[in-house]
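Enquirer: Sharing a structure below in structure tokens format, with a few things to ask.
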Amino acid sequence: MNISNFDTVISDADGTLVDTVELIRKGQYQALINHLASRQVSRNQLPNYEYFEEALHQSIGGDTYSTLRKTASLIYENFPEILQKLDFDELNNGLSAVQDQLAPSLVKAYDGLSDFLFEVGRRHLKFAIVTSGSPHHIVRNFGLALPDLAMRKFYEDQSLGDQDKLAIFQEKVRNHFGIKGLAIITCHDVAAHKPDPESILLALTKLQSMPEKTIGLGDHVVDIEACRNAQVKHFVGVSHGFNTSPQLKSAGAERTIRTLADFWR
């Protein structure tokens, strides 16, 4: 795979560019525990962290609502009376507050993120970040991971809506890294989430890019499947996130890398 043959990179966010793996695990666990307690589920029926983590890894890949619902359904598949007590909208709505408290200590950039983004700009590549997360998650996680943007606490600003903050963040990234063609697609932009191709197709449309001139980048099998479903057939899997190199290769990654710096090699 010769990068010079392509003009566009479409990348996942969490587990690919920004290390939010522990934030996702611990945040979703604490949000579930809080909700179960509020629904008078007894302490001896609460899942331990290891059991939750195993169920989460079988469920992750879509938006947070779907992930939480699938995870809880796996944990309590033999206890329908507990599942009936849960309000998944309320559970999902409580997640951001929990993660906001944990994020400053858990979110960090993967090695080489800043250099990777500068290289995207230097090569005049079009670039899209496509996530199943929300605008709030993008602004918070990248603001914490990239201190040079001077946006570490921008996500806490209550004077602006999340979409306005995302627009300001996007312009800051565009100017700082010199990425003229930049798109950010979140769960608020689409009705269907990965592995459905809608988010990838929207990124291609916004960037006016062709699938055959585009490389996908991600850490999870659903990233590969979403790209393939959008006819983006060239994909680089990065193994520092949720899925291993063998899992990514088995799902169809053309090659796998350990670090973002390896993308250019």
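Using the working numbering, the letters of the sequence shown map in sequence onto residues 949 to 1213. We put the beta carbon where it would ideally sit given N, CA and C, even for glycine.
#1: Below 9 Å between beta carbons: does that hold for GLY1091 and PHE1102?
#2: Sorted by chain position, which residues of the same chain lie with C-beta nearer than 6 Å to MET1099's C-beta, five sequence neighbours on each side aside?
#3: For ALA1178, count neighbouring C-beta atoms within 10 Å of its own C-beta (all shown protein chains included) and say buried if the count is 16 or more, exposed if not.
#4: For ALA1151, I'd like the list of residues in its chain whose CB is within less than 7 Å of its CB, leaving aside the five on either flank, ordered along the chain.
#5: Would you kindly check if the distance between the Cβ of ASP1063 and the Cβ of ALA1209 is under 9 Å?
#6: Helix, strand or coil, according to DSSP, for HIS1084 in the structure here?
#7: Please report the residue range of the alpha helix (DSSP H) in which HIS983 lies.
#8: May I have the straight-line CA-CA distance separating GLN1111 from LEU1022, to the nearest angstrom?
#9: With a CB to CB cut of under 8 Å and the five nearest residues on each side skipped, what residues in its chain are close to GLU1001?
#10: Tell me the residue span of the beta strand (DSSP E) that contains THR1015.
#11: Can you give me the C-alpha to C-alpha distance between SER1157 and LEU1073, rounded to a whole angstrom?
#12: Which complete beta strand (DSSP E) runs does the region 1033 to 1121 hold, if anything under 3 residues is left out?
Expert: In terms of the structure at hand:
#1: yes
#2: Here the set comprises GLY1091.
#3: buried
#4: ILE958, ALA1076, VAL1078, ALA1131 and ILE1133
#5: Yes.
#6: helix
#7: 969 to 986
#8: 33 Å
#9: ARG973 and TYR977
#10: Segment 1012 to 1023 is the alpha helix (DSSP H) holding THR1015; no beta strand (DSSP E) there.
#11: 11 Å
#12: 1074 to 1078
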